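Structure record follows, encoded as structure tokens.
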Amino acid sequence: MQSGHHLKKTALATSIFMLTMFNAVPGFSGPNGKTFHFNIPAKDMASALLAFSETTDIQLSYPAPLVKGIRARQLSGNYTAEQALNQLLAPSAIAYRFADDNVIALQATSRKPAQTRSDPTTLKPVTVTATGLDESEDTPYNTSYNRSEASSGTRTDTPLMETPIAIQVVPRAVIQDQQSIQVGDAIKNISGVYQGLSFGGFAEQFMIRGFSTNFNNYLDGFRWPASRLTLANAERIEVVKGAAANLYGRIEPGGMINVVTKRPQATPYYALEQQFGSYDLYRTTADATGAINADGSLLYRVNLESLNKNSFRDFAFTDRIFFAPSLTWKISDRTQLDLDFMYSDEDTQEDYGVVASTVTHRPIDIPISRYLGEPSTDKSNTKLYNTSVTLAHAFTEDWKVKARFNHLNRDVTDPQTFPPPFGLNEQTGQLTRFFYGANSQSDTYYGTVNLTGRFVSWGIKHEVLTGWEHYSSDSLLDTVFAGANPINIYNPQYNPVDVAQIYATSIQDGTRSFQDSSGTYSNGIHFQDQITLFDKLHIMGGGRYDWVTQATGNSSISAADAAANRTELNNERFSPRVGVLYRAWDWLSLYGNYVESLGSANSAFDVNGKLLEPETGEQYEAGFKTAFFDERLTSSVAFYQLTKKNMAVGVLGTPYSVAIGEARSQGVEIDISGQVTDGLSLIASYAYTDATVTKGNNEGK
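Here the working numbering is used: the first residue of the sequence shown is 1, the next is one more, and so on.
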């Protein structure tokens with residue numbers, strides 16, 4: 001099958017009220033205490049300092065070798081001169097000295113805690129250090145459509161122009177300008193990514209490079225199964241294309257979508273926003289951050305959301321309450337503790353659309369607003385409680401360790417009335433329907449420890465990563481299946497389903513209820529070395545080894561019986577990853593990669609009643625990246641071929657399967673984003689995807 005996708009975003013709602021407050025931190029602020037608006041992309045330090053000088057009219061004095069080979073981070077927003085200089089010099093160990101308000105001298109110095117100038121006549125050196133515990137680009141005032149770095153692909157702070165992987169970022173500025181509410185609203189900006197089956201809107205699933213994400217998205221690098229993610233507390237969305245996302249263990253070969261949340265900031269910021277839109281959309285969000293104590297060692301952030309919206313479809317709606325507080329404790333200059341909690345309570349009337357004709361294979365000619373489910377019954381509820389703890393410590397400027405723990409509790413009630421395939425009598429309009437009720441509870445625990453380091457050996461620069469990861473998820477699914485009253489699609493008369501009676505009958509006869517107890521337990525170790533030669537050639541090598549246990553059991557008697565009858569499947573596999581990038585000029589990088597990945601578990605059984613081996617993926621990719629106008633406008637072009645192997649194929653005439661299926665996806669993707677002028681930013685993307693089944697019952701489709 002072939003498909004071409006040209007993606008663009010249309011704002012769904014309009015913001016009518018925003019309240020923001022900004023308090024500058026004390027200290028030197030430049031001439032007359034001014035603050036300045038900066039828009040300096042990530043670039044070489046000399047060019048960044050020149051842009052700083054042009055913006056502030058402050059003269060900088062330093063020897064050229066002092067900044068050679070050093071890259072400055074992106075700086076966007078309103079800052080005093082001292083705040084801006086601190087941000088620009090953060091990746092280095094360069095001291096600055098004020099001769100007067102308009103002259104600053106830079107010099108090399110030993111690494112010490114940062115100082116500030118309390119008196120204009122005092123000429124004390126100020127040392128700026130980077131411990132890797134701050135995120136300079138993630139300020140509320142950053143209006144850039146670009147991000148110079150994205151940690152999802154490498155788990156390190158590697159510039160995207162030096163990363164041999166296809167990574168696209170939707171930053172907060174784009175989310176805000178387009179008034180995006182869900183992940184599905186924002187990823188339309190990314191080539192080769194589109195929304196797939198959503199179970200009537202109950203959960204978000206995406207297709208990346210022709211392959212499903214299998215309802216698994218990621219929140220701050222943690223797997224987030226079968227739910228919708230709000231963007232109320234999202235700083236940005238990072239999309240890692242293809243099997244290159246294998247640093248996260250078992251993953252679909254198409255790629256991953258990772259939502260990175262907002263972090264507490266030292267600079268106070270308060271925002272209240274009200275959105276109104278079509279179909280009775282009302283959304284209120286609040287965002288507050290700042291320091292709790294005088295020395296700024298305790299920071300907080302709170303995000304709130306209240307969402308109410310209907311649909312073009314009769315009866316369909318979504319109501320959500322969301323609350324996400326975060327706390328950052330800077331224990332010392334090198335140690336930081338982050339605590340995060342998230343609560344979401346969402347009610348949804350699921351919408352399975354309209355039916356299609358078996359003759360024309362097109363939707364039946366009925367009003368698009370017509371609802372064919374059961375309005376009084378088909379209301380799902382999802383409650384989520386998520387807690388995470390992160391402890392980061394920098395041993396030196398070059399060696400850091402980060403340990404993280406996450407617990408997600410998910411409670412879902414999901415009754416639904418839906419038609420089976422070919423259940424419509426087109427002459428009479430009578431539509432057969434079934435009722436499916438599901439109650440599920442799951443607990444997921446996630447832990448990871450990563451060590452990163454930089455060193456030089458024999459004149460070769462290394463940035464290494466090694467880590468361990470544990471994932472444990474247990475779930476219980478209680479389902480019931482029964483017939484429901486039919487409905488006439490031309491003259492619908494709704495008849496409430498007696499859910500209590502269906503459950504009572506199912507318990508009595510033991511034929512229509514189903515208990516499923518399942519669990520996934522995995523441990524993985526990963527390593528990576530990013531080598532830089534001649535400041536132009538970047539070589540990435542590494543891989544991951546996984547040990548995975550998949551357990552599942554079912555029963556028509558009880559949950560305890562389902563748990564007692566679990567069947568286990570154990571797997572282990574090494575997945576390599578190799579990439580090469582050559583930065584021919586500052587504006588052009590050429591890259592290629594080869595990756596293998598361990599995919600999702602097969603839920604089907606073989607003739608011996610054993611679970612099938614999991615799916616695997618393989619990727620070849622090549623492309624180039626560009627950066628123009630001081631990296632304000634970036635683009636990327638990728639050519640790829642993906643193969644998904646070990647897919648379950650049903651054995652005709654039996655309920656069993658064999659793992660012999662294979663699918664291939666190949667294509668080209670183009671992404672352009674950034675700032676053309678001070679008043680014009682743009683996003684453009686195009687994807688051509690050619691995906692087909694190469695082995696199995698649907699071969700050639």
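Each residue gets a CB set at the ideal place from its N, CA and C atoms; glycine is no exception.
Note that the structure is predicted; figures quoted are calculated from it, not measured.
Next item on the list: Please report the Cβ distance between F322 and L304, rounded to the nearest whole angstrom; I am assuming they are in contact, meaning their Cβ atoms lie under 8 Å.
Entry: Counted from its first residue, the sequence shown places residue 322 at position 322. Counted from its first residue, the sequence shown places residue 304 at position 304. Between L304 and F322 the Cβ distance is about 7 Å, and since that is below 8 Å, they are a contact.
Checklist line | Backbone CA spacing between M342 and T387 [nearest angstrom] | finding: For the purposes of this step, residue 342 is taken as residue 342 along the sequence shown, with counting starting at 1. For the purposes of this step, residue 387 is taken as residue 387 along the sequence shown, with counting starting at 1. In this structure, the alpha-carbon of M342 lies about 7 Å from that of T387.
Check: What do you get for L680, buried or exposed, if any count of 16 or more other CB atoms within 10 angstroms of its CB means buried?
Finding: On the sequence shown, residue 680 is found 680 positions in, with the first residue counted as 1. With fewer than 16 Cβ atoms within 10 Å of its Cβ, L680 is classed as exposed.
Note to self: Contact between the region 226–242 and the region 148–156 is defined here as three or more beta-carbon pairs at a separation below 8 Å; is this criterion met?
What the structure shows: Enough Cβ pairs lie closer than 8 Å, so yes.
Next item on the list: Give every residue of the same chain whose Cβ lies closer than 6 Å to the Cβ of I683, excluding the five residues on either side of it in the sequence, and list them in chain order.
Entry: Position 683 of the sequence shown holds residue 683. Setting aside the 5 residues that flank it on each side, I683 is surrounded in the same chain by N189 and S673, each with a C-beta closer than 6 Å to its C-beta; the list follows chain order.
Check: Run through DSSP, which three-state label would I331 get?
Finding: The sequence position of residue 331 within the sequence shown is 331, counting from 1. Reduced to three states, the DSSP call for I331 is coil.
Item checked: Simplified DSSP state of H6, which is helix, strand or coil -> Looking up residue 6 in the sequence shown gives position 6. Confidence is the limiting factor: at H6 the pLDDT is only 36, short of 50, which leaves the residue's position unreliable and the question unanswerable from this model.
Check: Is F52 helix, strand or coil when you go by DSSP?
Finding: Taking the sequence shown and counting its residues from 1, one reaches residue 52 at position 52. DSSP places F52 in helix when its eight states are reduced to three.
Item checked: Candidates D516, Q416 and D535, of which the one nearest I460 by Cα -> For the purposes of this step, residue 460 is identified with residue 460 of the sequence shown, where counting begins at 1. Ranking the options by Cα distance to I460, first place goes to D535.
Checklist line | DSSP state of T692 mapped onto helix, strand, coil | finding: Indexing the sequence shown from 1 puts residue 692 at position 692. Strand at T692.
Item checked: Proximity below 8 Å, CB of N570 to CB of T549 -> On the sequence shown, residue 570 is found 570 positions in, with the first residue counted as 1. On the sequence shown, residue 549 is found 549 positions in, with the first residue counted as 1. With respect to the 8 Å criterion, N570 and T549 are classified as neighbours on the basis of their beta carbons.
Next item on the list: Provide the residue(s) that pair with L160 in DSSP beta bridges, ordered along the chain.
Entry: Here the question's residue 160 lines up with position 160 in the sequence shown. Answer is none; L160 lacks a bridge partner.
Check: In the structure shown, what three-state DSSP assignment does R632 receive?
Finding: Counting from one through the sequence shown, the residue named residue 632 turns up at place 632. In the displayed model, R632 falls within coil according to three-state DSSP, outside both helix and strand.
Note to self: Closest to A95 by C-alpha separation, out of G543, V193, L60 and P325, would be which residue?
What the structure shows: Within the sequence shown, residue 95 is the residue found at index 95, counting from 1. Relative to the Cα of A95, the nearest Cα in the group G543, V193, L60 and P325 belongs to L60.
Check: Got a sec? Which residues, its chain only, sit under 7 Å from V676 by beta carbon, not counting five neighbours each side?
Finding: Residue numbering aside, residue 676 sits at position 676 when the sequence shown is read from its first letter. Cβ neighbours of V676 within its own chain (closer than 7 Å, five residues either side excluded): L633 and L682.
Check: Taking DSSP as the reference, what is the three-state secondary structure of V464?
Finding: In the sequence shown, residue 464 corresponds to position 464, counting from 1. V464: strand per DSSP, three-state reduction.
Note to self: When you compare the CB positions of S369 and R313, do they come within less than 8 Å of one another, or not?
What the structure shows: As a position in the sequence shown, residue 369 is number 369, starting the count at 1. As a position in the sequence shown, residue 313 is number 313, starting the count at 1. Yes, the pair counts as a contact, with Cβ atoms nearer than the cut-off.
Next item on the list: Quick one: using the 10 Å Cβ neighbour count with 16 as the cut-off for buried, is H37 buried or exposed?
Entry: On the sequence shown, position 37 is the one that residue 37 refers to. H37 is exposed by the Cβ-count criterion.
Check: What is the DSSP secondary structure of P125, reduced to helix, strand or coil?
Finding: For the purposes of this step, residue 125 is taken as residue 125 along the sequence shown, with counting starting at 1. Residue confidence is low: P125 scores 43 on pLDDT, short of 50, so the model does not pin down where it sits. No coordinate-derived value is stated.
Note to self: I want to see whether chain B comes within less than 8 Å of I104, judged by CB atoms only; does it?
What the structure shows: No chain B appears in the structure shown, which is made up of a single protein chain.
Note to self: Using only the alpha-carbon positions, how far apart do D411 and S180 sit?
What the structure shows: For the purposes of this step, residue 411 is taken as the residue at position 411 of the sequence shown. For the purposes of this step, residue 180 is taken as the residue at position 180 of the sequence shown. Distance between the alpha carbons of D411 and S180: 26 Å.
Notebook entry, point to check: Nearest CA to the CA of R334: which residue from S297, Y620 and S556?
Noted result: By one-based count along the sequence shown, residue 334 stands at place 334. Looking at the Cα atoms, S297 is the closest of the given residues.
Notebook entry, point to check: How long is the line joining the alpha carbons of D295 and Q74, rounded to whole angstroms?
Noted result: As a first step, residue 295 is located in the sequence shown; it is residue number 295 there, counting from the start. As a first step, residue 74 is located in the sequence shown; it is residue number 74 there, counting from the start. Pairing D295 with Q74, the inter-Cα distance amounts to about 26 Å.
Checklist line | Cut-off 8 Å between Cβ atoms - residues of its own chain near A203, not counting five sequence neighbours on either side | finding: What you label residue 203 is simply residue 203 of the sequence shown in a count that begins at 1. If we look at A203 and ignore the five residues flanking it on each side, its Cβ neighbours are F215, A226, S227 and R228.
Check: Looking at C-alpha atoms only, which residue of A244, A234, M207 and G69 is the closest neighbour of R544?
Finding: As a first step, residue 544 is located in the sequence shown; it is residue number 544 there, counting from the start. Per the C-alpha coordinates, the member of A244, A234, M207 and G69 positioned closest to R544 is A244.
Margin query: I'd like the list of long-range same chain contacts for P26, defined as Cβ closer than 6 Å, with 5 residues on each side in sequence excluded.
Written below: For this step, residue 26 is matched to residue 26 along the sequence shown. Residue placement at P26 is flagged as unreliable, the pLDDT there being 34, under the threshold of 50; the coordinate-derived value follows with that caveat. Taken in chain order, the list of residues that qualify is empty.
Check: Residues bridged to L598 by DSSP?
Finding: Within the sequence shown, residue 598 is the residue found at index 598, counting from 1. Looking at the DSSP output, L598 shares a beta bridge with T616.
Checklist line | Classification of K68 by the beta-carbon crowding that lies within 10 angstroms, buried from 16 upward | finding: If you number the sequence shown from 1, residue 68 lands on position 68. K68 comes out exposed.
Next item on the list: Ignoring anything shorter than 3 residues or poking outside the region 368–436, list the beta strand (DSSP E) runs there in chain order.
Entry: Segments of the beta strand (DSSP E) lying fully in the region 368–436: 379–394 and 399–418.
Checklist line | For I364, three-class secondary structure by DSSP | finding: Numbered from 1 along the sequence shown, position 364 holds the residue referred to as residue 364. Here DSSP, grouped into helix, strand and coil, assigns I364 to coil.
Notebook entry, point to check: Using the C-alpha atoms, what's the distance from V658 back to S457?
Noted result: Taking the sequence shown and counting its residues from 1, one reaches residue 457 at position 457. Taking the sequence shown and counting its residues from 1, one reaches residue 658 at position 658. Distance between the alpha carbons of S457 and V658 is about 49 Å.
Next item on the list: Identify whether M540 lies in helix, strand or coil by the three-state DSSP scheme.
Entry: The sequence position of residue 540 within the sequence shown is 540, counting from 1. Judged by DSSP in its simplified three-state form, M540 adopts strand.
Check: So what does DSSP say about A356, is it helix, strand or coil?
Finding: Locating residue 356 in the sequence shown gives position 356, counting from the first residue. In the structure shown, A356 falls within a strand segment according to DSSP collapsed to helix, strand and coil.
Item checked: Ordered list of alpha helix (DSSP H) runs contained in the region 179–247, each at least 4 residues -> Entirely contained in the region 179–247, the alpha helix (DSSP H) runs reaching 4 residues are, in chain order, 183–186.
Notebook entry, point to check: Should the region 619–626 be called in touch with the region 275–289, which here means at least 3 C-beta pairs below 8 Å?
Noted result: At 8 Å Cβ cutoff, the stretches do not touch.
Item checked: C-beta contact flag for T349 and K379 at 8 Å -> Stepping through the sequence shown from its first residue, residue 349 is reached at position 349. Stepping through the sequence shown from its first residue, residue 379 is reached at position 379. It is Gln, not Thr, that sits at residue 349 in the sequence shown. At a Cβ-Cβ threshold of 8 Å, Q349 and K379 count as neighbours.
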